[in-house]
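Residue numbers (this note's numbering): 20 to 316. Note that beta-carbon positions come from the ideal geometry of N, C-alpha and C, so glycine has one too.
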């Protein structure tokens, strides 16, 4: 394991509980299926994928000292992730995420990230106290940030001196939290990773294509924006223009975590020197392998 992290992953670190059935479901249905519990949360999903690409991610989040939290820390340590920067607070239970998936994809989900939200800016202490950076010597590396942080905290981070030089990669965590990212559009080092619905929510507009959404996000102030749209073409927009790529066609076996895998794969591709269309294609290929079940969870 590296002595220092290559990238910081800030946001939700929790347990995913996912129920999957091969049948189609409607509200009120009770179906046979499989239920699994896995380490998850947007920040942790990104970190796990980055680790598979050979990077050394550090986690900044809140994890309880309850049995669930202790088990989660052991799982993260076993994967070779940096956990020493995590906030451990005995008053806060470990967060969790619950999802139901059928043969068509996600049916419904709930994210209980109340401990992360209550912890607030305490999870960022290593960036302010000198362990990873400070206001006078801000962290200059890559940061993967998710929208499970509160709207107020994300607004503060958009202009905080400790983040002014960071290569900031941002995901909304869910459509319900997409509008929290609006203040970060003006950050000079920010790259947004959103799906078509989330792009529309951020800009309060409806888009028919990822290409149009990525272009609009850049016009609204984003330095860069990557927009996905399921099996339809994804797009990358920046000041030089907007490009689109079509994802590989694969059988769909799971969807929870696919967007996080896409984001992590794109970051990894760029950190190894790929840019533009090749990096976008690499991210789409990694997400397709994940959705098909080819990659290990």
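A direct Cα-Cα distance of roughly 10 Å separates residue 305 from residue 288.
DSSP places residue 265 in no alpha helix (DSSP H); its state is neither H nor E. By the 16-neighbour rule on beta-carbons within 10 angstroms, residue 102 is buried.
In this chain, residue 280 is not harboured by any beta strand (DSSP E); it is covered by the alpha helix (DSSP H) spanning 277 to 290. Between residue 166 and residue 200 the beta-carbon gap is near 6 Å, inside 8 Å, which marks them as a contact.
In the three-state reduction of the DSSP assignment, residue 113 falls in the coil class, being assigned neither a helical nor a strand state. Cα atoms of residue 126 and residue 42: separation of roughly 11 Å, rounded to the nearest angstrom. Counting only the Cα atoms, residue 107 lies some 9 Å from residue 142. The Cβ neighbour count for residue 258, taken over all protein chains shown within 10 Å, is under 16; the residue is labelled exposed. Here residue 32 is actually not in contact with residue 74; their C-beta atoms are around 17 Å apart, not less than 8 Å. The three-state secondary structure of residue 72, taken from DSSP, is coil. Within the same chain, Cβ atoms closer than 7 Å to the Cβ of residue 98 are found at 67, 70, the five residues on either side in sequence being excluded.
Following the DSSP letters along the chain, one finds residue 187 inside the beta strand (DSSP E) bounded by residues 186 to 190. Per the coordinates, the alpha-carbon of residue 286 lies some 15 Å from the alpha-carbon of residue 242.
Assignment of residue 100 by DSSP, reduced to helix, strand and coil, places it in the coil class. For residue 275 against residue 35, the beta-carbon gap comes to about 7 Å, under 8 Å, which counts as contact. Here the C-alpha atom of residue 30 lies approximately 25 Å from the C-alpha atom of residue 239.
When C-alpha distances from residue 221 are compared across 91, 83, 244, the shortest belongs to 244.
The alpha-carbon separation between residue 190 and residue 213 amounts to approximately 6 Å. Straight through space, the alpha carbons of residue 50 and residue 176 are spaced by roughly 43 Å. In this structure, the alpha-carbon of residue 120 lies about 10 Å from that of residue 54.
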